[in-house]
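Mapping the sequence shown onto the numbering used here, position 38 (from 1) lands on 120, and the numbers just tick up by one. The C-beta atom is built at its ideal place from N, Cα and C for all residues, glycine as well. Working notes for the structure below.
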Amino acid sequence: AGRYAARELGPGETGRELAALADRAVARAVAEAGVGLPFAVIGLGKLGAEELNFASDLDVVFVYEGEGPGDLRRASEAAGRVLEVLRGWGFDPDPDLRPEGRSGPLARSLQAFLEYWERWAEPWEFQALLRARPVAGDPGLGSRFLAWAEEVAYPERLTVDRAAEMLRMRRRIERERVRPPDAARFHFKLGYGSLADVQFAVELSLLRHGGAHPGVRARGTLEAIERLAGARLLEDGVARALGEAFVFLSDVKDALEVDRRVRAEALPPDPEAQTVLARRLGYEEYPRQSFLEDYDRITRRARRAMERVFAEAVAEG
Numbered sequence: 083a084g085r086y087a088a089r090e091l092g093p094g095e096t097g098r099e100l101a102a103l104a105d106r107a108v109a110r111a112v113a114e115a116g117v118g119l120p121f122a123v124i125g126l127g128k129l130g131a132e133e134l135n136f137a138s139d140l141d142v143v144f145v146y147e148g149e150g151p152g153d154l155r156r157a158s159e160a161a162g163r164v165l166e167v168l169r170g171w172g173f174d175p176d177p178d179l180r181p182e183g184r185s186g187p188l189a190r191s192l193q194a195f196l197e198y199w200e201r202w203a204e205p206w207e208f209q210a211l212l213r214a215r216p217v218a219g220d221p222g223l224g225s226r227f228l229a230w231a232e233e234v235a236y237p238e239r240l241t242v243d244r245a246a247e248m249l250r251m252r253r254r255i256e257r258e259r260v261r262p263p264d265a266a267r268f269h270f271k272l273g274y275g276s277l278a279d280v281q282f283a284v285e286l287s288l289l290r291h292g293g294a295h296p297g298v299r300a301r302g303t304l305e306a307i308e309r310l311a312g313a314r315l316l317e318d319g320v321a322r323a324l325g326e327a328f329v330f331l332s333d334v335k336d337a338l339e340v341d342r343r344v345r346a347e348a349l350p351p352d353p354e355a356q357t358v359l360a361r362r363l364g365y366e367e368y369p370r371q372s373f374l375e376d377y378d379r380i381t382r383r384a385r386r387a388m389e390r391v392f393a394e395a396v397a398e399g
């Protein structure tokens, strides 16, 4: 936090340092849980991508190797202990991205994950696997999970229907989770030109091209943009707009969360608070006005870039 406040960390470095801290905590929690069978913790979301903010939760799923109800019980109990230890240390682990969500067991065998992915998984669950990363536990098991996750997540060819469904999901998220509608303009997590626009554009591009071009696969947003642009699979202007928005909005989020460690998703409505935020971000002359002008410009470009990525995917069909 001190290095961030002193503006010593460059783009992406804050997220990586926070993820490394979380990784060490998860590894210690697994050691304290005393599992007794092959067991691994897989990070998803911002933890998996190593893009944590100061108040991020830790999206995790638990995989084990074993058979029968006894091993399932032991692994699930161990997963529960890991969560309890992490919460006791002030982290906010979230296991709800697991198969069947809160109604499913906390831990699943690798074979059970495979069966679920083949039979019941929804498209958004494969999208979530793009950020999967083994965080702690048995490294061999974590590597096998990751290999299978990549196999099922990246289609040989992304269908037009799948791309259209992703766009409908993006619009539904903005419509249902950002209220009132005019608040979307300053909701940097889920609103207009937000981090969600960047995420959906990048993940759609990965799903379109990652099957045929494994070299573009990457968990991190900036690395994925760089690889896609380097392979000429993402236009330079689109790549710049998405990358600039990701860096800028991540910095905004960190600046709002660093002191109180309370999750921030939108700009503060109070002009004085906006001025404080702008100064923290390094704006000196007319800080609030200059910041809001940059925010407007960057988010508009991000929205246009996202719309272009989806339009191309649909037109391709």
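Next item on the list: For residue 68, count neighbouring Cβ atoms within 10 angstroms of its own Cβ and tell me buried if that reaches 16, exposed if not.
Entry: Since the first and last residues shown for the chain are 83 and 399, residue 68 lies out of range.
Check: When burial is assigned at 16 or more other CB atoms within 10 Å of the CB, is residue 103 buried or exposed?
Finding: Mapped onto the sequence shown, residue 103 falls at position 21. So residue 103 counts as exposed.
Margin query: Using the three-state DSSP reduction, which class does residue 178 fall into: helix, strand or coil?
Written below: Here residue 178 refers to the residue found at position 96 of the sequence shown. Looking at residue 178 - three-state DSSP - the assignment turns out to be coil, as it is neither helix nor strand.
Next item on the list: Taking 8 Å as the threshold, find out whether the segment 250 to 263 comes into contact with the segment 139 to 151 through three or more Cβ pairs.
Entry: Output reads no: the segment 139 to 151 does not touch the segment 250 to 263.
Margin query: Please give the ranges of any beta strand (DSSP E) in the segment 123 to 153, keeping only runs that are unbroken, at least 3 residues long and fully inside the region.
Written below: The DSSP assignment places complete beta strand (DSSP E) segments of no fewer than 3 residues inside the segment 123 to 153 at 140 to 146, in order along the chain.
Checklist line | residue 240 to residue 315 span [Cα, whole Å] | finding: Translated into the one-based positions of the sequence shown, residue 240 becomes position 158. Translated into the one-based positions of the sequence shown, residue 315 becomes position 233. Answer to the nearest angstrom: the Cα atoms are 14 Å apart.
Notebook entry, point to check: In three-state DSSP terms, what is residue 189?
Noted result: One-based indexing of the sequence shown puts residue 189 at position 107. Three-state result, residue 189: strand.
Next item on the list: Reducing DSSP to helix, strand and coil, say where residue 217 ends up.
Entry: For this step, residue 217 is matched to residue 135 along the sequence shown. Per DSSP, reduced to three states, the secondary structure at residue 217 is strand.
Next item on the list: Would you kindly work out how many angstroms separate the C-alpha atoms of residue 225 and residue 364, rounded to a whole number?
Entry: Position 143 of the sequence shown, counting from 1, holds the residue named residue 225. Position 282 of the sequence shown, counting from 1, holds the residue named residue 364. Rounded to the nearest whole angstrom, the C-alpha separation of residue 225 and residue 364 is 41 Å.
Item checked: Classification of residue 209 by the beta-carbon crowding that lies within 10 angstroms, buried from 16 upward -> On the sequence shown, position 127 is the one that residue 209 refers to. Residue 209 is buried by the Cβ-count criterion.
Notebook entry, point to check: Are the CB atoms of residue 320 and residue 267 nearer to each other than 8 Å?
Noted result: Position 238 of the sequence shown holds residue 320. Position 185 of the sequence shown holds residue 267. No, these two residues do not count as a Cβ contact at 8 Å.
Checklist line | Nearest-angstrom beta carbon gap, residue 217 and residue 123 [assumed within contact, 8 Å] | finding: Taking the sequence shown and counting its residues from 1, one reaches residue 123 at position 41. Taking the sequence shown and counting its residues from 1, one reaches residue 217 at position 135. At roughly 5 Å, the Cβ-Cβ gap stays under 8 Å, so residue 123 and residue 217 are in contact.
Check: What does a CB cutoff of less than 7 Å around residue 114 pick up in its chain, not counting 5 residues either side in sequence?
Finding: One-based indexing of the sequence shown puts residue 114 at position 32. Same-chain partners within the cutoff: 167.
Check: Taking the alpha-carbon positions, what's the residue 388 to residue 248 distance?
Finding: Counted from its first residue, the sequence shown places residue 388 at position 306. Counted from its first residue, the sequence shown places residue 248 at position 166. Between the C-alpha atoms of residue 388 and residue 248 there is a straight-line separation of about 12 Å.
Margin query: By alpha-carbon positions, which one of 306, 136, 121, 313 ends up nearest to residue 221?
Written below: For the purposes of this step, residue 221 is taken as the residue at position 139 of the sequence shown. That would be 121, whose Cα lies nearest to the Cα of residue 221.
Next item on the list: For residue 116, count neighbouring C-beta atoms within 10 Å of its own C-beta (all shown protein chains included) and say buried if the count is 16 or more, exposed if not.
Entry: What you label residue 116 is simply residue 34 of the sequence shown in a count that begins at 1. Residue 116 should be labelled exposed.
Notebook entry, point to check: Can you pull the DSSP bridge partners for residue 121?
Noted result: Here residue 121 refers to the residue found at position 39 of the sequence shown. Bridge partners of residue 121: 146.
Check: Would you call residue 296 buried or exposed, if buried means 16 or more other Cβ atoms sit within 10 Å of its Cβ?
Finding: For this step, residue 296 is matched to residue 214 along the sequence shown. That one is exposed.
Checklist line | Whole-Å CB distance - residue 256 paired with residue 277, under 8 Å assumed | finding: Translated into the one-based positions of the sequence shown, residue 256 becomes position 174. Translated into the one-based positions of the sequence shown, residue 277 becomes position 195. About 12 Å separates the two Cβ atoms, so there is no contact after all.
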